[in-house]
Amino acid sequence: MELGGVGGSVRTQRLMVAALVLIIAGSVAVGVYSCLHPEQGASVPPNEFHYKCGLCGHELVKTPQELVAEAAGGEVVDEEDPRFMIGCPACKGKRCCGQMVKCPECGKHFVPFEFVKSSAEPRAVALGRANNVCPRCKTDRVEWYRKDYERRTKKPPD
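Residues in the sequence shown are numbered from 794 upward in steps of one, following the numbering used here.
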């Protein structure tokens, strides 16, 4: 019995088939394991975005699908980053809800910048100064992630 025109003894052919089966089985096992046990710190796209209105303080949650549908419907929220500033359903302000971040320590969502209310139109403007300290537990997000990265990438002593 010859396989695909490959010459050689039957024993060689069987070894080649066995090696191929092991390679395929190993690849499938690694793929399944990777899906079931994602590496800690792996980048996972968010399934929801939290916002807070700079005018009325209303908090809301949007899914990526809702943001895409709103952008497709002509409700472009921000030319630079459509997730950043959106309209508020509570006070009907335009581009006044800023995206919040999640504290890695306590899990509370907070706005990492200051709002300045514009008198020209009903909207809030986010200042460029970032405030990465959680108001609940006082954890600095940048410092927390820096230490977490160092901890995860630190090589064990030999």
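Backbone N, C-alpha and C define an ideal beta-carbon position, used for all residues, glycine too.
Residue closest to residue i, alpha-carbon to alpha-carbon, out of the options
{"i": "K895", "options": "G886, R934, S802", "result": "R934"}
{"i": "K855", "options": "F842, C849, G847", "result": "F842"}
{"i": "P928", "options": "Y942, E936, V904", "result": "V904"}
{"i": "R888", "options": "P857, H902, C849", "result": "C849"}
{"i": "N840", "options": "G847, H851, G824, P857", "result": "P857"}
{"i": "P882", "options": "H851, A862, E859", "result": "H851"}
Buried or exposed by the 16-neighbour rule on C-beta atoms within 10 Å, applied to residue i
{"i": "C930", "result": "exposed"}
{"i": "C899", "result": "exposed"}
{"i": "G886", "result": "buried"}
{"i": "M794", "result": "Confidence at M794 is low in this model, with a pLDDT of 48, below 50, so the placement of that residue is unreliable and no value is reported for it."}
{"i": "G824", "result": "exposed"}
Alpha-carbon to alpha-carbon, residue j and residue i
{"i": "K845", "j": "N924", "result": "15 Å"}
{"i": "G880", "j": "M893", "result": "14 Å"}
{"i": "G801", "j": "M809", "result": "11 Å"}
{"i": "P949", "j": "A811", "result": "37 Å"}
{"i": "L815", "j": "V821", "result": "10 Å"}
{"i": "R944", "j": "M878", "result": "34 Å"}
{"i": "V870", "j": "A864", "result": "Per-residue confidence for V870 stands at a pLDDT of 48, beneath the threshold of 50, marking its modelled position as unreliable; the derived number appears in the next sentence. Cα to Cα, V870 sits roughly 7 Å from A864."}
{"i": "T946", "j": "Q806", "result": "44 Å"}
{"i": "A818", "j": "V803", "result": "22 Å"}
{"i": "E936", "j": "A862", "result": "35 Å"}
{"i": "T932", "j": "H902", "result": "12 Å"}
Coil, strand or helix - residue i by DSSP
{"i": "P915", "result": "Confidence at P915 is low in this model, with a pLDDT of 47, below 50, so its placement is unreliable and the value that follows should be read with caution. Reduced to three states, the DSSP call for P915 is coil."}
{"i": "V904", "result": "coil"}
{"i": "M893", "result": "coil"}
{"i": "L853", "result": "strand"}
{"i": "K940", "result": "helix"}
Beta-carbon separation (whole angstroms), residue i vs residue j, contact threshold 8 Å
{"i": "L853", "j": "C884", "result": "Not quite, the Cβ-Cβ distance comes to about 11 Å (not below 8 Å), so this is no contact."}
{"i": "Y942", "j": "P897", "result": "Contact doesn't hold; Cβ gap of about 11 Å is too wide."}
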